[in-house]
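Asker:
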Amino acid sequence: MKVVCPSFSGIYEPNVEIRQFPDGDSYVRVPNAKEAMGKNAILFTRLYPNQDSAIFQTLLVLRALRENKARSITLVVPYLPYSRQDKTFKEGEVKSAEILCETLREQGVSHLITFDCHFLKREGEFEYGGLKITNLSMNKEIIGRAREIAGGELEIMSPDEGANYLVKEFGGSSMKKVRAGYGEGEGAAGGEEGEIYRGIGKMEMEKDVGGKCVLIIDDMISTGSTMLKAVENVKKGGAKKVICAATHGFFLKDSLKKLREECEKVFVTDSIETEASEISIKPAIEKALEQM
Ligand code: R5P
Numbered sequence: 338m339k340v341v342c343p344s345f346s347g348i349y350e351p352n353v354e355i356r357q358f359p360d361g362d363s364y365v366r367v368p369n370a371k372e373a374m375g376k377n378a379i380l381f382t383r384l385y386p387n388q389d390s391a392i393f394q395t396l397l398v399l400r401a402l403r404e405n406k407a408r409s410i411t412l413v414v415p416y417l418p419y420s421r422q423d424k425t426f427k428e429g430e431v432k433s434a435e436i437l438c439e440t441l442r443e444q445g446v447s448h449l450i451t452f453d454c455h456f457l458k459r460e461g462e463f464e465y466g467g468l469k470i471t472n473l474s475m476n477k478e479i480i481g482r483a484r485e486i487a488g489g490e491l492e493i494m495s496p497d498e499g500a501n502y503l504v505k506e507f508g509g510s511s512m513k514k515v516r517a518g519y520g521e522g523e524g525a526a527g528g529e530e531g532e533i534y535r536g537i538g539k540m541e542m543e544k545d546v547g548g549k550c551v552l553i554i555d556d557m558i559s560t561g562s563t564m565l566k567a568v569e570n571v572k573k574g575g576a577k578k579v580i581c582a583a584t585h586g587f588f589l590k591d592s593l594k595k596l597r598e599e600c601e602k603v604f605v606t607d608s609i610e611t612e613a614s615e616i617s618i619k620p621a622i623e624k625a626l627e628q629m
């Protein structure tokens, strides 16, 4: 049984009703909830943008499926919010990623399917926060598309070692990125009042990219600081053409515009719908569901 939230409309036809009360509370209704009885329900939802309300709405949909006695629930979430908060640095902080996964499990999710999840750092099967997770990677599709664009030799790089898993099977290499402290470093200056952001301290590159066409691939482009710094590096190194790509594109502030000014091409998947989304995650979702 497929249960599709409106946020998934670019991929499947929605059959869940989500609206808002005048005070901002969410109204959620699963009209076919009764069909869940004894079945494996597959719930499709995007949890970005507006992650906090999207998470709560998902909990309401899960409750409707459980109250109607779904046998199991597989949740498909292309980009998992809070996935960059799996560690604590200061006393009193919490691991938001773990809390989200634990909550989903407690609310009846038996299996989560997601893409290039930041804290998992490779494709495969995992258990985290007690939740079974299948982490799919879009690296093959992204690199394939970049090769078409390049039309010849392509040097593949990731901007940091955390994203090395995206490039290593294709003979790619990684730059070394060191984050600055909170509110410090390149890219942090654009932060707004109350925003928590760690800029880039430094980024080093050993590879010789002189005269080459370079793809820089990352799991996500958020404020764009990482990608912009990586582009600066390869251009300083003499790259003749630069392509930037990621699985998840947030493109906060004016980062898409800035990247487009600096590169020949910028593209992402539709895990988050953006004007730079060129690769569909749908075939990968369908393949993963077939293999379940
Ligand atoms: C961090 O390690 C991630 O892989 C990305 O490089 C990072 O989150 C991108 O963020 P931003 O675009 O704000 O630099």
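Numbering of the sequence shown is given in the numbering used here, commencing with residue 338 and proceeding in unit increments. Where a beta carbon is used, it is the ideal one built from N, C-alpha and C, also for glycine. Note that the structure is a prediction, hence the values are computed from the model and not measured.
1) Would you check if there are 3 or more beta carbon pairs closer than 8 Å linking the region 340 to 359 to the region 377 to 392?
2) Per DSSP, what kind of secondary structure is T611 in: helix, strand or coil?
3) Could you tell me which whole beta strand (DSSP E) segments of length 3 or greater appear in the region 559 to 623?
4) Given a cut-off of 8 Å, decide if K595 and G561 are closer than it, judged by their beta-carbon atoms.
5) Does the beta carbon of G499 fall short of 7 Å from some heavy atom of ligand 1?
6) With respect to 7 Å, is the separation between the Cβ of R421 and the closest non-hydrogen atom of ligand 1 below this value?
7) Could you give the C-beta distance for G445 and L402, rounded to a whole number, given that I count them as a contact under 8 Å?
8) Would you mind reading off the limits of the alpha helix (DSSP H) that contains K477?
9) Would you say the beta carbon of H585 is closer than 7 Å to some non-hydrogen atom of ligand 1?
10) Run through DSSP, which three-state label would S420 get?
11) Please classify Q357: does DSSP put it in a helix, a strand, or coil?
12) Is T611 near ligand 1 - that is, is its Cβ less than 7 Å away from at least one heavy atom of it?
13) Do V340 and L384 have their beta-carbon atoms positioned less than 8 Å apart in this structure?
14) Check whether the region 548 to 568 and the region 499 to 509 touch, using three or more Cβ-Cβ pairs below 8 Å as the test.
15) Would you call the CB atoms of E601 and V568 closer than 8 Å?
16) Quick check: what's the CA-CA separation for F587 versus L593?
17) Using DSSP with H/G/I as helix, E/B as strand and the rest coil, what is R459?
18) Taking 6 Å as the limit between beta carbons, can you name the residues of its chain near Y502, skipping five residues before and five after?
19) State the Cα-Cα distance for the pair R597 and R400, rounded to the nearest angstrom.
Answerer: Let me lay it out:
1) Yes: the two stretches touch, three or more of their Cβ pairs being nearer than 8 Å.
2) T611: coil per DSSP, three-state reduction.
3) Secondary structure within the region 559 to 623: the beta strand (DSSP E) runs of 3 or more consecutive residues, fully enclosed, are 578 to 586, 602 to 606 and 614 to 616 (chain order).
4) Closer than 8 Å, so yes.
5) Checking the Cβ of G499 against ligand 1 gives yes.
6) Within the chosen limit of 7 Å, ligand 1 reaches the beta carbon of R421 through at least one heavy atom.
7) The C-beta separation of G445 from L402 comes to about 7 Å, placing the pair in contact by the 8 Å criterion.
8) For K477, the uninterrupted alpha helix (DSSP H) run begins and ends at N476 to A487, by DSSP.
9) No, since every heavy atom of ligand 1 falls outside the 7 Å radius drawn around the Cβ of H585.
10) Three-state DSSP puts S420 in coil, outside helix and strand.
11) Here Q357 carries a strand assignment [DSSP, helix/strand/coil].
12) T611: no, Cβ never under 7 Å from ligand 1.
13) Contact flag unset, no.
14) The region 548 to 568 vs the region 499 to 509: in contact.
15) No; because the gap between Cβ atoms is not below 8 Å, this pair is not in contact.
16) So the alpha carbons of these two residues sit roughly 9 Å apart.
17) Taken through DSSP and simplified to helix, strand or coil, R459 comes out as coil.
18) Spatial neighbours of Y502 in its own chain (CB-CB distance under 6 Å, excluding positions within 5 residues in sequence) are listed in chain order as K458 and R459.
19) The straight-line gap separating the alpha-carbon atoms of R597 and R400 is approximately 43 Å.
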